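Scroll down for the structure; my scribbles are underneath it.
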Ligand code: 5GP
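In the numbering used here, the protein residues as written are 3 to 302.
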């Protein structure tokens with residue numbers, strides 16, 4: 003029967019029932035949020051009665067209610083448990099129930115470790131918008147320490163020495179390197195040298211502040227060697243076409259330089275599997291939040 007043939011009175015009743023179901027689910031979510039009920043308790047209720055408010059709750063809402071489970075980690079857990087994003091708790095198959103039950107049990111018995119300051123490395127292909135994301139974090143998340151790199155390239159219009167970069171000569175860069183003052187260095191786009199001064203990173207971490215490095219992929223690899231506990235994040239463009247558009251649209255490089263950077267970008271994209279997390283930069287504020295989310299969650 004199509005909607006047009008459903009008697010008015012039935013349609014009203016159906017929509018009232020839908021509202022009531024939504025309200026009941028909201029009440030369950032609220033109980034989870036204020037820890038009146040545990041996720042395990044809600045999961046058991048869902049499996050006793052799959053049509054209940056608990057049963058029609060999405061698994062991602064259940065997992066996401068746990069402390070430290072931001073949207074990215076929730077997706078990772080769903081992937082690990084082989085449960086689709088849209089699945090409802092009552093609709094899980096036997097194996098999925100078992101996997102979720104075991105995951106929740108271990109999670110609830112294990113005391114949640116205190117939050118620690120994290121070193122997060124944000125890398126990704128040229129022109130993907132790393133600068134925009136880290137700029138947004140600088141402005142909106144002042145607790146995060148943004149590392150200021152040293153570089154031998156000259157400043158672009160508007161760039162400030164000591165804020166965007168420390169603009170140094172080749173000789174000064176050599177000195178910083180030879181005195182062991184750099185955490186990592188790299189020559190980027192076969193042109194200029196870039197590096198992360200070590201001191202400010204150590205200081206911030208020791209003071210309990212999370213640190214963000216916005217560097218290239220070779221740099222990310224070096225940081226992983228030097229500090230294996232670092233979290234490596236790869237920022238992705240929504241599509242390749244969008245990346246090309248962003249690079250050309252920026253208008254800061256001439257045609258030769260653009261071509262060189264696109265070639266580099268292809269090589270860079272191929273290395274994304276080496277990273278712990280991938281974040282798609284559709285919208286800068288959301289990507290920034292996803293990055294900061296990783297800093298404030300506990301790691302397995
Ligand atoms: P740009 O010249 O456009 O500011 O940066 C060029 C590239 O150098 C970007 O991919 C940027 O992430 C990278 N970069 C900036 N600072 C550092 C750094 O300290 N170390 C490394 N390895 N790469 C950096």
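Beta carbons: idealized from backbone N, C-alpha and C, even for Gly. All values reported here derive from a predicted model rather than from experimental measurement.
Proximity to residue i [Cα-Cα], best of the options
i, options, result
"residue 185", "172, 205, 191 and 194", "205"
"residue 194", "207, 208, 181 and 218", "218"
"residue 292", "75, 163 and 51", "75"
"residue 134", "296, 286 and 167", "286"
"residue 237", "13, 139 and 274", "274"
"residue 166", "180, 172 and 155", "155"
"residue 283", "101, 129 and 146", "129"
"residue 146", "216, 240, 58 and 92", "216"
"residue 91", "224, 71 and 58", "58"
"residue 239", "131, 262 and 198", "131"
"residue 65", "81, 53, 229 and 54", "81"
"residue 40", "67, 175 and 50", "67"
"residue 150", "164, 190, 262 and 256", "164"
"residue 158", "201, 255 and 11", "255"
Proximity of residue i and residue j at Cβ, strictly below 8 angstroms
i, j, result
"residue 88", "residue 109", "no"
"residue 329", "residue 214", "Residue 329 cannot be examined here, being either before or after the span of the chain that is shown, 3 to 302."
"residue 232", "residue 123", "yes"
"residue 168", "residue 290", "no"
"residue 297", "residue 120", "yes"
"residue 106", "residue 34", "no"
beta-carbon residue i near ligand 1 non-hydrogen atom, thresh 7 angstroms
i, result
"residue 190", "yes"
"residue 168", "no"
"residue 268", "no"
"residue 31", "no"
"residue 250", "no"
"residue 151", "yes"
"residue 217", "yes"
"residue 138", "no"
"residue 182", "no"
"residue 131", "no"
"residue 186", "yes"
"residue 223", "no"
"residue 260", "no"
"residue 198", "yes"
"residue 247", "no"
Beta-bridge partners of residue i, as assigned by DSSP
i, result
"residue 62", "Bridge partners of residue 62: none, in fact."
"residue 103", "The partner list for residue 103 (beta bridge, DSSP) is empty, contrary to what the question assumes."
"residue 125", "236"
"residue 90", "60"
Inset, instruction - Just list the beta strand (DSSP E) runs in the region 226-251, keeping only unbroken ones of 3 residues or longer that don't cross its boundaries, in chain order. - result: 233-238
Legend entry - Any alpha helix (DSSP H) of 4 or more consecutive residues that is wholly inside the region 136-215: 172-180 and 200-208
Inset, instruction - Mind listing, in chain order, the continuous alpha helix (DSSP H) runs of no fewer than 4 residues lying wholly within the region 25-57? - result: 41-50
Legend entry - Complete beta strand (DSSP E) runs within the region 251-285 (minimum length 3 residues, chain order): 279-282
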